[in-house]
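Student: Here the sequence shown stands for residues 763 to 1015, where the numbers follow the numbering used here.
For each residue, glycine too, the CB sits at the ideal point set by N, CA and C.
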Amino acid sequence: MTYDTLTGRTAVITGAASGMGAATARSLAAHGVRVALLARRAERLTELATTIEAAEGQALAVATDVTDAASVTAAVEQVHAAYGEVDLVVNAAGVMLPNPVTEGRADEWQRMFDTNVTGALHVIRAFTPDLIAAAAAGRTADLVNISSIGAHIAFPHYAVYGATKAALTYLSQSLRTELGPRDVRVTNIEPGLTDTELGGHIDNPELSGQLDGMFDALIGLSADDIADLIAYTTSRARHVNLRQAIVLPTRQA
763 MTYDTLTGRT
773 AVITGAASGM
783 GAATARSLAA
793 HGVRVALLAR
803 RAERLTELAT
813 TIEAAEGQAL
823 AVATDVTDAA
833 SVTAAVEQVH
843 AAYGEVDLVV
853 NAAGVMLPNP
863 VTEGRADEWQ
873 RMFDTNVTGA
883 LHVIRAFTPD
893 LIAAAAAGRT
903 ADLVNISSIG
913 AHIAFPHYAV
923 YGATKAALTY
933 LSQSLRTELG
943 PRDVRVTNIE
953 PGLTDTELGG
963 HIDNPELSGQ
973 LDGMFDALIG
983 LSADDIADLI
993 AYTTSRARHV
1003 NLRQAIVLPT
1013 RQA
């Protein structure tokens, strides 16, 4: 097994301040990818970039709010100025705010749709021209969206979160019909129970406790597990598209 084909590529990774985004940045950089780190928490990004550079990798910290189209446009300019055209985009930014729908938490609903769906679209709109150009020049080009098993399996009180991830899964499927003929690969990854900061966003003590119990019972995945899957997927021959990956802890049905 070799990931050598990743060397020399340029990636944009959203949600890079923590969790799957940060783990993916570390993994890709270790395989010779120049990584542009996008997230809101500038200090976290700077720390991660310093860590990557200390390991002889290349990283650029770009403070970005994916829910703000202007912020994403500004990020494109910074990435292009530093690295030029990108050929790998990982949409890892996301929030998970479960609560019963009957509580009417419109603030949480809006935040999840703004980040998980609209934010991903802002990034896709901004960097798809790069991917198409890279593919047209004969290089490998990848768009990777991180969805969730919640796109397919209903969990009580996760209805709106699941709806946002179902939208992202469908978006990936549809984009494949547009970008695949232009040699841009689109991969949708749907993790099950994974240890990230998402659980820390939950303000419902009962649901937070249930999640902790699931980790104890199921032995959840790590962010590094997902990062390794992304590195594997994007290092395959350019005519091979691993279009959909559902990755669960072995104990999770």
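1. Quick check on DSSP: helix, strand or coil for S833?
2. A844 by DSSP, collapsed to three states: which one?
3. Judging by CA-CA distance, which residue of R806, T958, R947, D766 is the nearest neighbour of A825?
4. Looking only at DSSP bridge pairs, what is T949 linked to?
5. Determine whether the beta carbon atoms of I988 and A787 lie at a separation below 8 Å.
6. Around the C-beta of E839, are 16 or more other C-beta atoms found within 10 angstroms, so that it is buried, or is it exposed?
7. Pick out the complete beta strand (DSSP E) segments inside the segment 770-802, 3 residues or longer, and give them in chain order.
8. Taking only three categories from DSSP, how would you classify S997?
9. So if DSSP puts D957 in a beta bridge, which residue, or which two residues, is it bridged to?
10. Just to confirm, are V1016 and T776 a CB contact at a threshold of 8 Å?
11. By Cβ distance, which residues of its chain are closer than 7 Å to N878, with the 5 residues on each side in sequence left out?
12. State the DSSP-derived secondary structure class of A1017, mapped to helix, strand or coil.
13. Name the one or two DSSP bridge partners that N853 has.
14. Is R796 buried or exposed, if buried means 16 or more other CB atoms sit within 10 Å of its CB?
Tutor: A quick look at the data gives this:
1. helix
2. helix
3. R806
4. V906
5. no
6. exposed
7. 772-776, 796-801
8. coil
9. S984
10. An answer regarding residue 1016 cannot be provided, because it is not within the stretch 763 to 1015 covered by the chain.
11. G856, V857, T926, K927, L930
12. With the chain covering 763 to 1015 only, the question about residue 1017 has no answer from this structure.
13. N907
14. buried
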